[in-house]
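43 is the number that the working numbering gives to position 43 of the sequence shown; each next residue is one higher, with no gaps.
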Amino acid sequence: MHLSFSKLFLAGLIVVGAAYGGGFATSAKLEHFLGEPICEPAQTLWQGRGGWGGIVAARDGTLVVFQSPGGSTCRRSRDGGRTWDAEILLAPDAKNGNALVDETNGDLLYINP
């Protein structure tokens, strides 16, 4: 059986469209963003090379920040970034990866090229 690229591409679009139209997206109300601003002092999470490479918020509100390119660790905050757990080694060779949250089950995925 031979499938053309256009048929495979169209099938992919249908699957992606069904996933996004399936109720996974959420919305917030305007009042969630109103009120007094909250300013937290900057925190040094890593010494030497590497700063903030990326940050994701899990479904339960936990924040996970990843060390910038050249680093292989992350840190977690369970209180909105006020305090941070100790470094977590992702893998000795984890460099330049990207993180995302699977909205269907809440899993955190780190993709290391």
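Glycine is no exception: its CB is placed at the ideal position from the N, C-alpha and C atoms.
Within the continuous beta strand (DSSP E) that includes residue i, where are the two ends?
i	result
alanine 99	98-101
isoleucine 111	108-111
Please work out which residues of its chain come closer than 8 Å, Cβ to Cβ, to residue i, disregarding the five sequence neighbours upstream and downstream, and give them in chain order.
i	result
valine 59	A small fix is needed here, since residue 59 is arginine in this sequence, not valine. Closer than 8 Å at the Cβ level, and outside the excluded window around arginine 59, lie Val101, Glu103, Gly106.
asparagine 112	Leu90, Ala91, Asp93, Ala94, Lys95, Asn96, Gly97
leucine 109	Ala99, Leu100, Val101, Asp102
tryptophan 84	Gln43, Leu45, Val65, Arg75, Arg76, Ser77
Per DSSP, what are the beta-bridge partners of residue i in this structure?
i	result
serine 77	Leu63
arginine 54	The residue you asked about is not arginine; residue 54 is glycine in the sequence shown. Paired residues: Phe66.
leucine 89	Thr73
From residue i to residue j, what does the alpha carbon distance come to, in whole angstroms?
i	j	result
glycine 97	isoleucine 88	15 Å
glycine 54	lysine 29	26 Å
alanine 11	alanine 86	With a pLDDT of only 42 at alanine 11, under the threshold of 50, the placement of this residue in the model should not be trusted; the figure read from the coordinates follows. Distance between the alpha carbons of alanine 11 and alanine 86: 44 Å.
glycine 23	glutamate 36	Reliability fails at glycine 23, whose pLDDT of 47 lies under 50, so the model's placement of it is uncertain and the value that follows must be treated cautiously. Taking the straight line joining both Cα atoms gives about 31 Å.
glycine 71	aspartate 79	24 Å
glycine 21	leucine 34	Caution is warranted here: a pLDDT of 48 is assigned to glycine 21, below 50, making its placement in the model unreliable, and the coordinate value is therefore given only provisionally. Spanning the two alpha carbons is a distance of roughly 28 Å.
cysteine 39	glutamine 47	23 Å
alanine 57	proline 41	19 Å
leucine 63	arginine 82	10 Å
glutamate 31	glycine 61	18 Å
With a CB to CB cut of under 7 Å and the five nearest residues on each side skipped, what residues in its chain are close to residue i?
i	result
threonine 73	Gln67, Glu87, Ile88, Leu89, Leu90
isoleucine 14	With a pLDDT of only 42 at isoleucine 14, under 50, the local geometry of the prediction cannot be trusted, and no value is derived from it.
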